[in-house]
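Under full-length UniProt numbering, the sequence shown has 53 at position 53, and the numbering climbs by one with no breaks.
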Amino acid sequence: MSKEKQRREALLYHAKPQPGKIKIVPTKPYSTQRDLALAYSPGVAEPCLEIEKNKDDVYKYTAKGNIVAVISNGTAVLGLGNIGPEASKPVMEGKSLLFKIFADIDGIDIELDTEDVEKFIETVKTIAPTFGGINLEDIKAPEAFEIERRLKEELDIPVMHDDQHGTAIISAAALLNALEIANKKIEEVKIVVSGAGAAAVSCTRLYKAFGASAENIVMLDSKGVIRSDRPNLSVEKLEFATDRKIDTLEEAMKDADVFIGLSIANVVTPEMLNVMAKDPIVFAMANPDPEIEYELACKTRKDIIMATGRSDHPNQVNNVLGFPFIFRGALDVRATKINEEMKMAAVRALADLTRESVPEQVNIAYDTTRLTFGKDYIIPKPFDPRLITKIPPAVAKAAMESGVAKAPIQDWEKYEEELHQRSGNDNKVVRLMHNRAKLNPKRIVFAEAELLDVLKAAQIVHDEGIAQPILLGHKETIEGLKKELDFDAEVPIIDPRSEESKEMRVRYAMKLWESRKRKGETQYSARVNMGKRNYFGAMMLQEGDADGLISGYSRSYPRVLRPVFEVLGRAKGVKNASTVNIMITARGPLFLADTSINIDPDAEQLAEIAQMTANVAKTFGFDPVVAMLSYANFGSSAHPHAQKVREAVRILHERNPELVVDGEIQTDFALSSDLANNNFPFSKISGKKVNTLIFPNLESANITYKLLKGLNNADSIGPIMVGLPRAAHILQLGASVDEMVNMAAVAVIDAQEREKRRKARMGEE
């Protein structure tokens with residue numbers, strides 16, 4: 001993607017459909033006059049009076065306990081410098097967004113128009129009663145040190161400057177693990193720190209807290225090695241000044257065990273790496289370009305343990321692993337501060353988590369057979385769902401043990417369940433899906449590429465590295481639209497009707513005729529059909545000229561489905577194909593089936609649909625808990641409609657006893673584990689969180705998913721086709737660009753899974 005195009009897209013993202021990235025929504029009913037009388041006058045007076053009597057009741061009656069202020073004056077915005085408060089607002093909104101999606105904390109961004117330390121401190125102190133915590137961001141050093149120090153001393157709520165401590169916490173966890181792998185002791189290793197800003201100072205202080213020796217640390221700023229005999233050193237630099245008679249990074253790197261980069265790109269050379277000690281640990285964390293390129297460093301030293309700040313390499317030191325979960329733990333015990341004990345607890349929790357077995361969901365997201373503790377995995381991945389249940393409890397316990405928790409947790413099992421529920425509020429399925437597709441992009445046919453929205457989707461999947469698009473349609477029309485979109489990448493464009501495609505068209509027609517000559521297909525009809533893009537695209541899959549197909553934006557589902565079925569048929573052992581929609585809801589993802597194909601499936605078909613849908617859930621890293629839905633509960637009706645669902649459950653229990661599935665059951669009982677447990681404790685899904693819903697017929701499934709989508713603004717991924725021998729997926733008529741991008745990612749993942757199974761079979765043979 002060109003820089004100009006990226007610029008336009010970024011501006012459009014922030015401006016449309018409404019400016020900014022966050023908003024405030026009510027948490028209480030407000031539809032009646034009674035609701036409003038309770039929310040405001042006169043009812044609101046009652047909590048006010050209670051809080052007046054006991055100030056701590058503000059946590060009981062208001063949202064204070066879950067609100068963090070993200071405060072900056074814009075003097076040190078990453079990569080942009082001193083751009084001022086207004087210009088820093090998009091960054092602070094972004095930080096607030098991360099607080100919400102990773103830890104369900106409401107972040108409110110506040111930009112202060114002052115560089116005066118005293119004014120800054122006084123302003124934050126004045127507004128502090130509104131918030132449960134203060135996250136300081138992008139404030140230049142040395143002012144940042146004084147601002148944080150004073151606010152921590154003078155406020156009774158947690159305060160943290162994430163630029164300092166976030167990087168320190170994540171990198172310290174990575175360092176502890178790297179040292180274990182290298183079989184080195186932190187008390188003995190020689191450490192070089194390139195950079196002397198807020199992050200570098202905080203990192204080095206934390207390493208010392210874990211045992212690093214001051215005599216073994218060399219810190220450098222833009223002038224070179226910070227020596228004790230250098231004049232005019234700040235208090236912070238003087239703290240790390242060395243007595244060694246060296247001046248340059250080249251000298252400092254000789255025999256060093258650890259390099260910590262918090263400076264600028266490309267300051268480390270291969271020659272410097274070569275003079276480091278055995279099994280060197282190199283954290284090149286300058287963003288977006290590290291102090292030495294990852295590939296170059298690994299090529300130079302085979303024994304290197306390497307981390308960067310980038311997501312496209314192993315071992316990303318990413319602050320999002322820390323600040324949301326640290327504040328979550330601090331808020332949940334109403335800590336009066338974030339102290340060293342709490343930060344060190346977060347470090348240990350992150351380091352320990354890396355050594356545990358990685359959930360399959362994480363392995364799937366990163367397209368690896370198994371992530372295991374080692375040189376390429378010394379810190380958890382940002383998408384690891386365990387972060388919210390591991391880091392906050394560790395922080396909360398440290399707050400309690402160090403005496404700064406005003407509301408200690410009594411029931412840790414209940415607390416962990418609450419954290420699980422919070423993680424469900426932000427569904428990470430789409431991010432996981434895109435990330436996984438990017439790891440091994442496949443050739444995806446866009447059969448309707450002459451349409452602007454379809455071409456936009458193809459452009460996004462190309463630019464994002466999700467897939468390698470193949471565009472079907474009139475070449476001149478597509479080329480014209482590409483210019484309009486500034487889509488200048490060279491991607492294949494095929495017009496099935498053109499003279500240029502004649503050889504493929506004729507070959508495909510003969511293949512179609514051979515496979516369907518006893519099903520009414522003539523050579524003439526096969527040639528005619530191969531001039532149609534859906535037939536042509538499906539045959540590209542059949543012949544291995546593409547890996548996946550996306551179509552259906554401009555035509556009804558049955559019209560697109562027919563050529564796909566005729567060309568590809570069903571997968572081996574499958575009697576009926578079906579479709580699954582993944583609904584992104586506040587309670588987490590829901591897998592719904594069959595939403596598009598089978599009008600009134602019988603018991604055998606329902607059982608097959610349920611099994612294939614459960615496999616889809618597993619593909620996306622979820623353990624399926626399947627509810628077979630009906631208007632009845634466990635034999636309460638003798639009507640055939642209920643009986644067929646009951647029979648489907650019997651079939652599933654008999655054929656796949658390991659699958660967690662039960663019914664027939666009504667939707668409300670299925671979605672409430674308490675309701676199910678209280679009324680049907682014998683059920684396999686009793687007390688479990690159902691994530692897969694199988695509907696008794698097409699009407700109920702299709703209506704339900706579209707109601708969820710239309711009324712609750714629930715995002716939908718699908719319909720995902722299951723039961724075909726190739727990765728063909730048909731969109732709903734008029735699908736949005738985002739929906740098409742998501743379906744392209746689904747097609748890529750589908751193709752990846754088929755490739756894995758094919759290789760596994762070949763290996764067995």
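The beta-carbon is built from N, C-alpha and C at its ideal position, and this holds for glycine as well. Just so we're clear, the structure is a prediction, and the values are computed from it rather than from any experiment.
Beta-ladder partner(s) of residue i, from DSSP
i	result
GLN316	THR308
PRO589	ILE584
GLY224	ASP221
MET628	GLY663, ILE694
ASN135	VAL70, MET160
GLY107	VAL68
ASP715	ILE584
TYR377	GLY374
THR579	MET721
GLY81	VAL77
ILE260	VAL193, PHE283
LEU549	VAL445, ALA728
ILE494	LEU472
ALA405	ALA335
PHE242	Sequence check: residue 242 is Thr here, not Phe. ARG227, per the DSSP bridge assignment.
Alpha helix (DSSP H) segment containing residue i, residue limits
i	result
THR522	Unbroken run through THR522: none, as it is neither H nor E.
ALA727	No alpha helix (DSSP H) holds ALA727; the beta strand (DSSP E) holding it covers 727-730.
VAL564	557-568
GLN6	3-15
SER673	673-679
LEU451	Element bounds for LEU451: n/a, residue is neither H nor E.
PRO601	Unbroken run through PRO601: none, as it is neither H nor E.
ASP35	33-39
Residue i burial status per 10 Å Cβ neighbour count (16 or more: buried)
i	result
LEU549	buried
SER202	buried
PRO657	exposed
GLU291	buried
PRO270	exposed
GLY211	exposed
LYS756	exposed
PRO393	buried
GLY763	exposed
ASN678	exposed
GLN18	exposed
Straight-line gap, residue i to residue j (C-alpha atoms, nearest Å)
i	j	result
LYS406	ILE157	10 Å
ARG555	ALA399	59 Å
ILE584	ALA69	28 Å
VAL748	PHE120	50 Å
ASN425	LEU512	Here ASN425 scores only 42 on pLDDT, less than 50, and its place in the model is too uncertain to base an answer on.
GLY224	LEU296	24 Å
GLY480	VAL445	19 Å
ASN232	PHE240	14 Å
ARG527	GLN605	35 Å
GLU4	HIS14	16 Å
ASN534	GLU566	11 Å
GLN410	PHE323	24 Å
GLY94	ILE108	10 Å
residue 833	LEU175	What the structure shows of the chain is the stretch from 1 to 765, and residue 833 is not part of that stretch, so it cannot be assessed.
ALA168	ARG205	8 Å
GLY663	LEU733	32 Å
TYR294	LYS517	56 Å
PRO47	PRO29	17 Å
TYR277	ILE170	In the sequence as displayed, the identity of residue 277 is Ala instead of Tyr. Approximately 23 Å between the Cα atoms of the pair.
PHE145	GLY588	40 Å
MET743	ALA735	10 Å
GLY65	ARG348	26 Å
LYS89	THR308	26 Å
GLY20	GLY544	44 Å
CYS298	ASP623	37 Å
N-terminal and C-terminal residue of the beta strand (DSSP E) that residue i is part of
i	result
PHE446	443-446
PRO469	468-472
PHE210	No beta strand (DSSP E) contains PHE210, which DSSP labels as neither H nor E.
Residue i Cβ short of 7 Å to the ligand GDP heavy atom set
i	result
ASN529	Because no ligand of any kind appears in the structure shown, any question about the ligand GDP cannot be addressed here.
Inset, instruction - Report yes or no: do three or more beta-carbon pairs, one from the region 614-625 and one from the region 633-646, lie closer than 8 Å? - result: Not touching, per the Cβ criterion.
Legend entry - Validate contact between the region 256-272 and the region 53-64 using beta carbons, cut 8 Å, 3 pairs: The region 256-272 vs the region 53-64: no contact.
Inset, instruction - Count the CB pairs spanning the region 471-479 and the region 564-581 that are closer than 8 Å, and state whether there are at least three. - result: Segments in contact, no.
Inset, instruction - Pair every Cβ in the region 133-143 with every Cβ in the region 173-192, then say whether three or more of these pairs are closer than 8 Å. - result: Judged by Cβ distances under 8 Å, the region 133-143 makes no contact with the region 173-192, as fewer than three pairs qualify.
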